[in-house]
Structures are given as structure tokens and as C-alpha cells.
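So the structure is just underneath, and the comments pick up after that.
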Amino acid sequence: MDISIVVPLYNEAESLPELEVWIRRVMEQNGFSYEILFINDGSTDNSWDIVKELSRNNPNVKGVSFRRNYGKSPALNTGFSRAKGDVVITMDADLQDSPDEIPELYRMITEDKYDLVSGWKRKRYDPLSKTIPTKLFNATARKVSGIKNLHDFNCGLKAYRNIVVKHIEVYGDMHRYIPYLAKNAGFKKIGEKVVQHQARKYGTTKFGLDRFVNGYLDLATLWFMSKFGIKPMHFFGLLGSLMFILGFIAVAVVGFTKLYDMYHGNPYILVTDSPYFYLSLVLMLLGAQLFLTGFIGELIVRNSERRNEYEINEEITTQKI
Ligand code: UDP
Ligand code: MG
């Protein structure tokens, strides 16, 4: 099969029939063999009935329905695990992404050999309250992830080599950082294609402004996991040691100053009257705690089955003749 199209949807009943017709037209015009995987993320409208209806008329339409709403990432993850096409395309269900982009995305994966191609909504039809924070968000994501050529991490329209989606785990709200997840899994050839974007025709957006707060927190998590996920002590131990040493120096200076002044008969203050004494107390306590957090982190990692799980690309084994 050439293409799997994964469509997460939450209360998008009005859009689905148009979307299916449009995708089908593009697929048939280009002679692709394909499947559309509609992942119903616990819709409370009649979206799922419509998916069932669509699948009766088009055998390429498949679907999964969650009993409750989990979020876009779990929906994508479920679609990814089922996708059989050589190229996997994700797109939103709200008709904001255009199926006409699919043939070129497919070509970029199969001929230009990209692992992942992300859409770039260069001209967006979203309210300003969304486009401005998005710019900031993408700039941070570029910096932290080191993927410098992407302008639009969170574009719903993306294309992947099949193997890529089988080797990344999208959970929580991590769909915003799929390129970063792919890079951490060793898929480095990540490209971008400018795509058409449309204003939402039906229904409303499913994400509020908290998307930006959560987005930044998730980015911090991913950064930490990719750098220290299997060696937490390198993070906590370093930070803890630095704090402890600073605290130790502070208390030593306070103590020695007092002894020096006493010895030379100068006026001196009590150790507990010096602000540095309290500073050092806090620093040493925090330092020790961070250090212990490092140990606990190591214990947790030790129990993880994935500690020695690596992305193996190729292997040569010699056989005895
Ligand atoms: N979506 C989903 N589960 C959710 C929220 C959203 O499956 O909990 C789907 C939604 O139906 C749409 C896509 O994710 O197909 C993108 O959502 P939306 O269009 O609301 O986001 P925006 O375009 O405003 O970023
Ligand atoms: Mg949308």
C-alpha cells in the first residue's frame, strides 16, 4: 500500500464527508493505493456514525473510536500503530489542511528520501492571538531541538516514512514535537514543505491558550529526557554538587572571617547574624536534595526495560560455514 492517511478527529461531523470526498479524489487522480484511518477521539457528536457511513461506501476508509476523549497525541499514536502504507500522512479533520498537498509530500518521502516532511502554514488563517505566540513557540522549539530548518513544528499536515511512525511514541500533548521525537529516534532527514492553509469552515478549535503553557512545559520535558533520560545523575548530580559547593564556600567564609577577627581582637558578628550563613544553609540543603534526586532517578532508570533499548539501523553478522 502506498499511503496511509491518519486523521485524528474530535467533534468534526460536518467536515468529515467533504474531507473523505476530497482525499478520495486526490488518491484516485494519482492512482495511489491508500487507506484513511479516522481516529475518533471520543467525539460527543455523531462523527463516528459518519465514519461508519463513509466506510460502507469506501472500503479504504477504516476507523478506530475511543470511548472517551484522550487528546490528539493518543489518537495519532493509535493511527500510527495501525498504518500499513509506505508513506504515512497525518492531517487534521477540520479541512484546514489540503489533501492536494499529498502527492508532493509522497514524492518528497519516496524520491527525495526524507524521513519526515512537515507542512509549513506560511500564510495562516488563524486569529492573531494564535499566530504570534506560535512564532515564539517555534523559535524556542528550533533552538531547543536543534532542528533549525523547521518553521512550523505543530502543523497537522505531515508525511513520514512508515518506519518512522513505528519508532516514535507520541503521548500526552507531544504531537507538537513529533520532529523532535523523530530526531531523538535517529531520523535526521527532516524536511519542510510550504502548504496551503484555510480558515476553519465548520466547528471550533479544540485547543485554548493553555496550549502554549503546556507546549513549553512539554518542550522542557523532551529536552531533559533526550539529554538525561537514561543518566539523570549527570543532571541532578552536577546541579546538586554546584549548589553544595557554593553553600560550603559561603559558610566557610563566614566561619573563617569570624575566627580571624576573634583571633586578631577585631570586633566580630555572630555567624547567625550573617546573611551568607542562611544562604549557605539553603544552598547546601538544596544541593543534597538534588543529589539524592539523582540517585532516585538512577534507581528508576535501572528498573526501566527501555534502558538498553537502542535504535539499530543496520547490523552485519558473520555466519559460520
Ligand atoms: N483533535 C483530537 N482530539 C482532541 C483535540 C483535537 O483528535 O482532543 C483533533 C481535531 O479534531 C482536529 C485536530 O486534532 O482534527 C486539530 O485540532 P484543531 O483544529 O482544533 O486545532 P487547531 O487547528 O486549532 O490547532
Ligand atoms: Mg484546526
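When we follow our numbering, the leftmost residue of the sequence shown carries the number 8, and every step to the right adds one.
Where is the CB? At the ideal position from N, CA and C, for every residue including glycine.
Exposure of residue i, with buried meaning 16 or more beta-carbon neighbours within 10 Å
{"i": "T85", "result": "buried"}
{"i": "I328", "result": "exposed"}
{"i": "R168", "result": "buried"}
{"i": "Y113", "result": "buried"}
{"i": "S11", "result": "buried"}
{"i": "F263", "result": "exposed"}
{"i": "P274", "result": "exposed"}
{"i": "N18", "result": "buried"}
{"i": "Q326", "result": "exposed"}
{"i": "E27", "result": "buried"}
{"i": "S136", "result": "exposed"}
{"i": "E321", "result": "exposed"}
{"i": "P80", "result": "In the sequence under discussion, the amino acid at residue 80 is Ser, which differs from the Pro named in the question. So S80 counts as buried."}
{"i": "S22", "result": "buried"}
{"i": "A227", "result": "exposed"}
{"i": "G304", "result": "buried"}
{"i": "V278", "result": "exposed"}
{"i": "E25", "result": "exposed"}
{"i": "T97", "result": "buried"}
{"i": "I125", "result": "Looking at the sequence shown, residue 125 is not Ile but Ser. Buried: at least 16 other Cβ atoms inside 10 Å."}
{"i": "I276", "result": "exposed"}
{"i": "I340", "result": "Nothing about residue 340 can be reported from this structure: the residues present for the chain run from 8 to 328 only."}
{"i": "L266", "result": "exposed"}
{"i": "T211", "result": "exposed"}
{"i": "D331", "result": "As displayed, the chain neither begins before 8 nor continues past 328, which places residue 331 out of reach and without an answer."}
{"i": "D52", "result": "exposed"}
Proximity of residue i and residue j at Cβ, strictly below 7 Å
{"i": "E199", "j": "L143", "result": "no"}
{"i": "Y132", "j": "Q36", "result": "no"}
{"i": "Y209", "j": "S152", "result": "no"}
{"i": "R183", "j": "N161", "result": "yes"}
{"i": "F284", "j": "V260", "result": "no"}
{"i": "R314", "j": "I237", "result": "yes"}
{"i": "V172", "j": "A90", "result": "yes"}
{"i": "S54", "j": "N65", "result": "no"}
{"i": "N221", "j": "D180", "result": "yes"}
{"i": "Y332", "j": "K196", "result": "In the structure displayed, the chain extends from 8 to 328; residue 332 sits before or after that span and is not available."}
{"i": "G70", "j": "F87", "result": "no"}
{"i": "G244", "j": "G301", "result": "yes"}
{"i": "V201", "j": "W127", "result": "yes"}
{"i": "D9", "j": "G92", "result": "yes"}
{"i": "G49", "j": "R31", "result": "no"}
{"i": "A82", "j": "L123", "result": "no"}
{"i": "L293", "j": "M250", "result": "yes"}
{"i": "D101", "j": "L164", "result": "no"}
{"i": "I116", "j": "A192", "result": "no"}
{"i": "I5", "j": "V58", "result": "Here the chain comprises residues numbered 8 to 328, so residue 5 is not present and cannot be evaluated."}
{"i": "L286", "j": "A257", "result": "yes"}
Closer than 6 Å: residue i CB and nearest the ligand MG heavy atom
{"i": "D101", "result": "yes"}
Residue i: CB within 6 Å of a non-hydrogen atom of the ligand UDP
{"i": "P15", "result": "yes"}
{"i": "D159", "result": "no"}
{"i": "E19", "result": "yes"}
{"i": "G78", "result": "yes"}
{"i": "D48", "result": "yes"}
{"i": "K128", "result": "no"}
{"i": "K59", "result": "no"}
{"i": "T141", "result": "no"}
{"i": "K120", "result": "no"}
{"i": "F214", "result": "yes"}
{"i": "A82", "result": "yes"}
Chain B contact for residue i (CB, 7 Å cutoff)
{"i": "L229", "result": "In the structure shown, chain B does not exist; there is a single protein chain."}
(message) Runs of 3 residues minimum, wholly inside the stretch 158 to 201: which ones carry the beta strand (DSSP E) assignment?
(response) If we require 3 residues or more, the beta strand (DSSP E) runs fully inside the stretch 158 to 201 come out as 165 to 168, 197 to 201.
(request) Scan the stretch 12 to 60 and note each continuous beta strand (DSSP E) run of 3 residues or more that stays entirely inside, going in chain order. (result) Taking only runs of at least 3 residues, the beta strand (DSSP E) segments lying wholly in the stretch 12 to 60 are 41 to 47.
(request) Identify every run of the alpha helix (DSSP H) within the stretch 67 to 126, keeping only runs that are complete inside it and at least 4 residues long; order them along the chain. (result) Here the runs fully enclosed are 79 to 89, 109 to 117.
(request) Please list the segments of the beta strand (DSSP E) lying wholly inside the stretch 238 to 276, counting only runs of 3 or more residues, in order along the chain. (result) As summarised for the stretch 238 to 276, there are no continuous beta strand (DSSP E) elements at least 3 residues long confined to that stretch.
(request) Would you mind listing the alpha helix (DSSP H) stretches within the stretch 270 to 321 that are 4+ residues and don't spill past its ends, in chain order? (result) Scanning the stretch 270 to 321 from its first residue to its last, the whole alpha helix (DSSP H) runs of 4-plus residues come out as 282 to 309.
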